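Take the sequence shown: its position 178, counted from the start at 1, is 457 in our numbering, and no numbers get skipped.
No residue lacks a Cβ here, since even glycine has one placed at the ideal position from N, Cα and C.
Since this is a predicted model, take the numbers as computed values, not measurements.
Each remark here refers to the structure printed beneath this line.
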Amino acid sequence: MATKPFLSSEDQLLAPSKLKAPAHVPDGIETRVEEFSSLEFSEWLGQKLQTKLAKHPDWKDVKPVALGSWSRGELSPKSDIDMLFFGDEAAVKRLVAAVAREGLKLRYRMPADLTDWTVGVEPFDILALLRAIPLDESARPRLEDQQKQLRARGPELKKTLVRAMIDERESRAERFDSISNYLEPNLKYGPGGLRDLEQALALRDLDPDRFHGSDARHAFEVLLYYKRFFLTVRQRLHFSEGGTEILSAPEQKPIADWFGFPSPRDFMKEIQKGVARVSFYADWAFEQATATKSRLAKVGQVKLDKPIKLFEALENDCSLLMQNRVRQTADAVFMRSDAKTSATKRAIGKQLTRLLSPATPEGPLIALFRSRLIDHCVPEFRRIVGHVQHDQYHRFSVDAHILQALRELKRLKKKPGIAGRLQPAVKSLTPGEWDTLAFSCLYHDIAKGREGDHSIEGIAIARDDLKAFGKTEALITDVTWIVEQHLALSAAAFRENSRSPRTWDSLNERGVRGRRLPLLAVFTIVDIRATNPEAWTPWKERLLGDLVSQLEKPEAGFVVRFMDDLAAAHLDRGWGERFDPFLLSSIPSKHIIDDLKKALKGTESLPPRAIHTRKGATWVRFHSKEDKPGLFAGYVALLSSLGLPVRHASIHTNDEIGVYDWFEVRTTKKPGAIEKLLKLASPQKLAPQAKPVHFDSIDVVSSDDTEWVLSFRGRDQSGALREAARALFEEQVQLRWARVHTWGRQMDDIFGVAPVASGPESLVARLRLRLITSDSKSASTKT
């Protein structure tokens, strides 16, 4: 936890003027490292801190030594203050107590053994001691003597410290997951942050002989550049009242403006590029530090003078050592005239086909991306590196998502069961179709960040590259079709009525038929899992599977079985087309048919009903002969008041039976107990929500003269469905149907509504004004 600012009130006002924005917007060019004022600002902070501490009468008697960020020249306004004292113990206690009364918190230690300051301390304290600086001349001789003793330990000390750093890296990897580090990076502890930087630089200091030559020199030039850049960001972040180590969304715009970036997105793209580069070079530094000399010599002897040699090197040895060699060599290799011939490009196409193929291991594929060799094969790839979509659904930056899609494709090939009910589609694919999917994964988001629809813009990029790679026209046609239509099935399955003839006709017009149906279905699974692994839920599996099933054989599956049950009950089979297929897959047909018979014959509304299915879900049903404004919102409010939060909802309105709504709820209560509660409960009014609810996006999915489909997406939060229902009710919108779904930390609610006079865009604008905060509006997907 960061300490309170240690500057005086006067210095706190002066501090922002001491940290100056660089002359150029940060662009990753290492030669501009001197433009950052972060080290100078750290020195100024250190001088102010030392002046403050030196005013105490015990200062010289405590023999002060600076550790941590102070000694490394990385101080920020809210840095922890780490110190070592080896002077008089009574003086140390008086000093620490005095500065504590002033509001300054020191993290300090005193050596247990004055002749050996490493006695009883952790390896990281030893590492900090190697980089410590004396804060008073009287402390210098003893400190230098201790540092000399440490260096004399040689390989033994190095081995201990490297092992400790590796353990710490592994621990951090478990604590900082990728979603937080892509959306709101932790500049100090996250992968590719200042801690990784610090450790890589420490490795070089421990064994400089391991890090010589042009490759190592470039790597550490990159690391030193990002040390200055990230430290500048952290120092600026600490000026804000709540500033910690996390570059949170509210802080990104003001810091982006201060640096001169055109937008927060451009700023975060540069941050993510830096995080990726630091992460790579820090990982490489550890492998370089721990490899045997014979291993290093073997890697250094590999000849890398032609593009094909680069591929072969990574296939034979996909280690970070070889990745770095390829990374440092590729620019020069691809600048040669023989690297630009048609024959070389076709040869690259063959190499890509093999590495991307789901039949080959992941290691060489990852090496292809981390070595940046992919940038030379697909030049447009450079444009998407670090491009982050700031929402909780898109877990990775675009370049990381593409790599993840290719990895998911390999996993799906190896374990088709991942696809669930779509497993037959996976198993039906031919070797040529797997290659089609591999290149589709590579190109489907290649145009993200450009003006216009990336699905359209990506077609020309994919076509030009694949043609240069010597691919057949059949493969090029299929890949470019998937690039253009890669969102078609997911949109239809999750945001439209998958049983509507209009949906089927629309997909048919877009070419979703024949062998392209299983191709696009498998791609859709891969794309979802690569976007966010938590997003591939049983709910989505069921909906996508149902849509594919209906497109292949509309009369198949549970819809047909329900229609057969209707016929057996002497009811019109047409009722099978009026209910949500998700409901039919969740509720035994006998319950719906029983309700249907009673509703058609009776004149009164059916009493509420609760059931527990074999799948372990609890569902509650409401029925009203007459549709009334706010009825759905009232049901939601009633369930909420009884402690029955809604996970899914399926609502229907029909002239013959009225309103017929089912809600899956989270509860441990028995159905009988729920029915008693519902019988005793009074209708609920829409009381104000105690805690504000905000959505990430509210969009028009589709609209025509008869029906509009609206999407509400955001973080799962108490009262979200209720507030969506309230907003629609207050806008006097009539609900036709709904699909309400909660998964992980997200909610995705789709409503089919009757058109209103103001038009869909105007309605959505009013809903956004009600339910989307100013911070979220920038992240909201445009209609």
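Rounded straight-line distance, which links the Cα of residue j to that of residue i
i	j	result
L822	Q551	34 angstroms
L923	R945	6 angstroms
A576	D596	14 angstroms
A835	Q1025	Confidence in A835 is poor, its pLDDT being 36 and thus under 50, which makes the residue's placement unreliable; the coordinate value appears in the next sentence. So the alpha carbons of these two residues sit roughly 31 angstroms apart.
S997	H927	14 angstroms
H902	R857	15 angstroms
W323	G749	60 angstroms
L429	A528	43 angstroms
N603	A1006	55 angstroms
G382	P543	35 angstroms
A570	D732	47 angstroms
T947	D1028	24 angstroms
D934	S976	32 angstroms
V787	D806	The residue asked about is misnamed: residue 787 is Asn in this sequence, not Val. Looking at the two C-alpha atoms, the distance is approximately 21 angstroms.
F565	D678	24 angstroms
D562	L599	7 angstroms
D610	Q567	22 angstroms
I866	G895	11 angstroms
R808	P695	14 angstroms
CB of residue i within 8 angstroms of CB of residue j, strictly
i	j	result
V378	M362	no
I360	R386	yes
K1072	R513	Nothing about residue 1072 can be reported from this structure: the residues present for the chain run from 280 to 1062 only.
K342	D415	yes
E1085	G1031	Residue 1085 cannot be examined here, being either before or after the span of the chain that is shown, 280 to 1062.
I804	L879	no
A1004	V915	yes
A800	A704	yes
R992	F974	yes
R442	R474	no
S1087	P637	Lying before the first or after the last residue shown, residue 1087 is absent from the chain, which here runs from 280 to 1062.
L298	S287	no
G665	S676	yes
G824	L688	no
F942	V899	yes
Y722	V667	no
D983	T1021	no
A726	G737	yes
A848	K876	yes
E1010	L1048	no
L502	V557	yes
F590	S719	no
D337	A370	yes
Opposing strand residues paired with residue i [DSSP bridges]
i	result
W944	Note that residue 944 is Val in the sequence shown here, rather than Trp. T897, V925.
T932	V938
R1018	S929, I1029
V344	L363, P413
G268	This structure leaves residue 268 out entirely; the chain is present only between 280 and 1062.
W987	S982, V1032
I525	N465
H891	T897
Sequence-distant residues of the same chain with beta carbon closer than 7 angstroms to residue i, five excluded per side
i	result
R432	none
R742	I755, T759
G1079	A query on residue 1079 cannot be resolved here, the shown segment of the chain reaching from 280 to 1062 and no further.
L436	L429
D654	F660, R661
Contacts around residue i, its chain only, beta-carbon distance under 6 angstroms, and the 5 residues preceding and following it disregarded
i	result
A770	none
P1034	W987
V827	A800
L956	L921
H517	S355, P356, K357
S1053	Because the pLDDT of S1053 is 47, which lies under 50, any placement of that residue in the model is unreliable, and the question is left without a value.
E524	N465, L466, K467
The ligand NAD heavy atom lying under 7 angstroms from the CB of residue i
i	result
A952	In the structure shown, the ligand NAD is absent, as is every other ligand, since no ligand is present at all.
Cβ shell of residue i (< 8 angstroms), same chain only, five flanking positions each side left out
i	result
I645	C597, L682, R686
Whole alpha helix (DSSP H) elements within the region 355 to 414, 4-residue minimum: 368 to 380, 402 to 409
Every unbroken alpha helix (DSSP H) within the region 288 to 323, with a cutoff of 4 residues, ordered by chain: 288 to 297
Completely contained alpha helix (DSSP H) runs for the region 420 to 480, where each covers 4 or more residues: 434 to 454, 457 to 462
Entirely enclosed alpha helix (DSSP H) segments - the region 719 to 768, minimum 4 residues: 733 to 747, 752 to 764
Uninterrupted alpha helix (DSSP H) stretches inside the region 670 to 698 (no shorter than 4 residues): 677 to 693
Contiguous alpha helix (DSSP H) assignments of at least 4 residues, all confined to the region 606 to 636: 621 to 635
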